[in-house]
Structure formats: C-alpha cells, structure tokens
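There are 2 protein chains.
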Amino acid sequence: MATAMRLFHQRGYDAVGVAELCAALGIKPPSFYAAFGSKLGLFEQALRHYAAGPANIFARALEGGGGVDAVIGRTFREAARLYPACDGVAGCLVIDGARNSADAEARALGALWKADSRRAIRDCIAAEYPAKADRLADLVTTALAGMSAVARDGADADMLGDFAGVMERAFRAEAGRADD
Amino acid sequence: MATAMRLFHQRGYDAVGVAELCAALGIKPPSFYAAFGSKLGLFEQALRHYAAGPANIFARALEGGGGVDAVIGRTFREAARLYPACDGVAGCLVIDGARNSADAEARALGALWKADSRRAIRDCIAAEYPAKADRLADLVTTALAGMSAVARDGADADMLGDFAGVMERAFRAEAGRADD
DNA sequence: CATTATATATAGCGATCACTATATATTCTC
DNA sequence: GAGAATATATAGTGATCGCTATATATAATG
C-alpha cells in the first residue's frame, strides 16, 4: 500500500501503470483487481492513507495547539520540511497526484480531498477571523499549492523554508489588516 | 499552432494525443511528423509561441515600467487576470503544461522555460535588491506556481486577485525587511 | 481421501499510444 | 504534355494502456 502510494506520489496518477503497481506490490493483475477493484480504487486508498498519515501537515500543525496564527505558521513550516524531494518523492500527493491526469475520476478524487483539506483550514481560521476565513484559507491553500509545485520542480528545504517564513508573516499581516 | 498550444495548455502534454492534435490541425500523421518532427517538437513550438505572446505575464509587466515593486505587483495582477479558466484553459502552460508527464524530455523542456522565466524575474529584482534577488525571485515564482495550480483547479479571478494583492504586499514587505 | 470453494497465474482482451512504410495524388521542371 | 520531385493519405507498425477470461494450484469442508 505504502509502496503504491509512493509511486503515485512520485510520478502522478497517469504515469504509473497497473503493471508497475503489480510488480511493486508483488502480485499479479487478477489479484490486483480482486484487492482494489481498479487502478482508481488503489489511488483512492492511497489518498486516504496519505491524508491519514503524517503527510497531513495541517492536521499535524493543529495538534500543536495555539492560536490560528501559530497553527498556520506551523503548517507552512511543516510543508517546507515535508515537500522537498526525499527519495524521489516531492510535494503533496493530494495537491498534485492527479494533476493533468487524463482520467476525470482521478482528478475528481484529488479535488475531493483538496476540498476537504481546505474546509479544515477554513474552519480553523474562522474561529478567530470569521469575516475573512475564506480569503485567508485561499491564501493558505494557494501558497501550499505553490510550494508543492516548486518542490516537485526541485526546490529544496531552504528555499521552501524561506517561502514559509514569508507566508507566515503575510498571513499575520492579512489577518490583522483592516478590510478594504 | 495556436490550436495545438491550446490543447496542451488545457490538458497537459501527456493527456493530448497525436491523433487529436492532427485532427485539430486538420492534417494527417505523416504531415504532422514532416512539420514538427515529433509530438515533443510541437510542444517545444507551443512553449515558444506561448512565451513569445501575451501569456508571458512578466514580460508584459516589465513593459509597464516603474520600479521593481511596481513590476512585480503588475506581474501578480496579470497572473490573476490571465490564469482563471477561459474557454477551458487555465493556469500557465510553462508552469503546468508538462507537470506529471511520463516523458522526461517534455518535463525537461518545461523546466528549461521555467528557469528562463525565473532568470528574467531575478535579473529585474537584482537591479534594486541585489542582495536578496534570489530569495525574492523564489517568492515570486512560487506564488505564481500556486496561482497557476489553483487556477487549474478552478479558482476564479476574484480569488486570484485577492491572492495577488496579498503577494504584492508581501513582496514589498520582504524587499524592505532587514536581513535576518 | 474426495469434493468443493477460493485464490493465484498464464495469457490475452480491445483500445490507444507515438510513429512510419507504402502508395497515391499533386506540383514543378523541361 | 512527359517525367521528376514533393507532399499527401491509407493503413498499419510494435508497444503499452487498464482490465479480464480461462486454467491451474491451493485451501477448506465433508
């Protein structure tokens, strides 16, 4: 399972074939389909596994407690620590795993988890900044999408750490800003 | 040409087949290969055409003149105007056109243009902020990557406009910040 | 041990991939 | 108008895609 998740994470949904997944799992196609139903079924499990584990940076940042500013700051810093390439895996599986996939269902699955993640971020922010929860949530998710993208393009931990610092300051500035 | 570029832009390099490109161009495979050499050859032309046109938001922002802060601010705002979906096309072809492609050469081509674009941004910033040109350039490219990604995921002009405003303020703040 | 049920492997399904060999039509030169 | 050169279309190359029908091995039950 973790092996298959790794492959999807490394190269994206389309670029990983069922044959390769079978080889990685040490099984043959019929067993693959008996176990997961379809390639999409395995991808769904991979996303679930990913979101339930330590890669769910916002969930981890939440556990640290503190106010919204602190949680969001930790979220950015966790992303900067987790996203850079490690054993060929970079960025976020949820954000980029189904990107540019030719399979509409795979894209929809990615969108579903992205929406879920955004909702969690938004709800957290709303506790302190109800009026601007949506805009601040968009700020966070867009920044994370950028971090995942450049990480997949080769950005290292230093660069992402700098960006995380910038975004943490930007978040505090925007949260405290008077509305237009 | 513009038709093929549109297809790559819409769905990414891998998700567009040669057969579909031929149909869109109104030619048959042999003529396709006589004209472009390969699918990759057409993609290269598409990237060149894209970077030479109005989609090169930084080039457009530069033409407006003014200081670095103004140019970068316009860059973000132009991205917010250009990236939202229009006729099924969203985000940036250079940033996301080859993302998750199984073809290493296509990915390399995308990386090449991304590096070129980053260099232009860096050089512009260096004129006023030589000591922190690299860090500020990373700030801009990462933000643009995030904007392209969320635009491809459905973000609208309002959302991206807000983010552009945030990033413009963040850029000015970071540019004026004392070094750590 | 015989029989039934379960799970595995072999092999191959049709479809699509990027790409091309061959043949036909067209255009240019003389 | 005849012949040579160019460009087009038809058709199909092997490879790979996700997926499965059939057959064989294993395990559970009587």
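One line per chain: the protein sequences are Y and W, in this order.
The first sequence begins at 799 in my numbering and counts up one residue at a time.
The second sequence begins at 799 in my numbering and counts up one residue at a time.
Glycine included, each C-beta is placed from N, C-alpha and C at the ideal position.
Let me make sure I understand the geometry here. Which of the options has the alpha-carbon closest to that of residue i?
i, options, result
"Ala758 (chain Y)", "Y:Gly886, Y:Lys912, Y:Asp885 and Y:Ala883", "Residue 758 (chain Y) is absent from the structure shown; chain Y starts at 799 and stops at 978."
"Ile855 (chain Y)", "Y:Ala947, Y:Ala953, Y:Ala968 and Y:Ile919", "Y:Ile919"
"Gly908 (chain Y)", "Y:Arg804, Y:Tyr811 and Y:Leu805", "Y:Tyr811"
"Ile923 (chain Y)", "Y:Gly865, Y:Leu880, Y:Leu942 and Y:Ser899", "Y:Gly865"
"Ala941 (chain W)", "Y:Ala968, Y:Ala850, Y:Ala857 and Y:Ala931", "Y:Ala968"
"Tyr848 (chain W)", "W:Arg933, W:Gly889 and W:Ala931", "W:Gly889"
"Ala947 (chain Y)", "Y:Leu934, Y:Ile893, Y:Ser899 and Y:Ala904", "Y:Ile893"
"Asp885 (chain Y)", "Y:Pro928, Y:Glu972, Y:Arg875 and Y:Leu805", "Y:Leu805"
"Thr873 (chain Y)", "Y:Ala883, Y:Ala953 and Y:Ala857", "Y:Ala857"
"Glu966 (chain Y)", "Y:Ala949, Y:Asp977, Y:Pro928 and Y:Leu934", "Y:Leu934"
"Leu823 (chain W)", "W:Thr939, W:Val964, W:Ile870 and W:Ala802", "W:Ala802"
"Tyr927 (chain Y)", "Y:Arg975, Y:Ser899 and Y:Leu910", "Y:Arg975"
"Glu903 (chain Y)", "Y:His807, Y:Ala821 and Y:Lys837", "Y:Lys837"
"Glu876 (chain Y)", "Y:Arg970, Y:Ala971 and Y:Asp956", "Y:Asp956"
"Ala962 (chain Y)", "Y:Pro882, Y:Pro852 and Y:Ala817", "Y:Pro882"
"Ala971 (chain Y)", "Y:Ala949, Y:Gly839, Y:Arg916 and Y:Gly871", "Y:Gly871"
"Val814 (chain Y)", "Y:Asp932, Y:Arg916 and Y:Ala900", "Y:Ala900"
"Ala844 (chain Y)", "Y:His807, Y:Arg905, Y:Pro827 and Y:Ile825", "Y:His807"
"Ala973 (chain W)", "W:Arg917, W:Val938 and W:Val816", "W:Val938"
"Ala925 (chain Y)", "Y:Asn898, Y:Gly944 and Y:Asp867", "Y:Asp867"
"Val964 (chain Y)", "W:Asp977, W:Ala853, W:Leu819 and W:Ala833", "W:Asp977"
"Leu880 (chain W)", "W:Asp932, W:Leu958 and W:Gly839", "W:Leu958"
"Ala859 (chain W)", "W:Asp932, W:Ala821, W:Pro852 and W:Val869", "W:Val869"
"Asn898 (chain Y)", "W:Asp951, W:Glu861 and W:Glu818", "W:Asp951"
"Val887 (chain W)", "W:Asp936, W:Ala906 and W:Asp954", "W:Asp954"
Are any of the Cβ atoms in chain Y nearer than 7 Å to that of residue i?
i, result
"Asn854 (chain W)", "no"
"Arg897 (chain W)", "yes"
"Met803 (chain W)", "no"
"Ala943 (chain W)", "yes"
"Gly810 (chain W)", "yes"
"Ala900 (chain W)", "yes"
"Ala878 (chain W)", "no"
"Ala849 (chain W)", "no"
"Pro821 (chain W)", "Looking at the sequence itself, residue 821 (chain W) is Ala, so the reference to Pro does not match. Chain Y, which has no Cβ nearer than 7 Å to the Cβ of Ala821 (chain W), makes this no."
"Ala904 (chain W)", "no"
"Ala968 (chain W)", "yes"
Taking residue i as the query, report the chain W residues whose CB atoms sit under 8 Å from its CB, ordered along the chain.
i, result
"Phe961 (chain Y)", "Asp936, Leu937 and Thr940"
"Lys912 (chain Y)", "Asp951"
"Arg920 (chain Y)", "Residues of chain W passing the Cβ test: none, with the nearest at roughly 13 Å."
"Met799 (chain Y)", "By Cβ distance, chain W contributes nothing, its closest Cβ being about 21 Å from Met799 (chain Y), past 8 Å."
I'd like to know if residue i contacts chain W, where contact means its C-beta is closer than 7 Å to some C-beta of that chain.
i, result
"Arg933 (chain Y)", "yes"
"Ala813 (chain Y)", "yes"
What does residue i touch in chain W if you count any residue whose Cβ is under 7 Å from its own?
i, result
"Glu972 (chain Y)", "Val964"
Whose Cβ in chain Y lies nearer than 9 Å to the Cβ of residue i?
i, result
"Ile893 (chain W)", "Ala947 and Asp951"
Provide the residue(s) that pair with residue i in DSSP beta bridges, ordered along the chain.
i, result
"Val887 (chain Y)", "Y:Cys884"
Counting only Cβ pairs nearer than 8 Å, list the residues of chain Y close to residue i.
i, result
"Arg846 (chain W)", "The premise fails here: Arg846 (chain W) is roughly 20 Å from chain Y at the closest Cβ pair, so nothing lies under 8 Å."
Using a Cβ cut-off of 7 Å, pull out every chain Y residue sitting near residue i, in sequence order please.
i, result
"Ala909 (chain W)", "Asp951"
| task | Note down, one range per segment and in chain order, each alpha helix (DSSP H) of at least 4 residues found wholly within the stretch 841–924 of chain W. | result | 855–861, 866–880, 891–894 and 902–924
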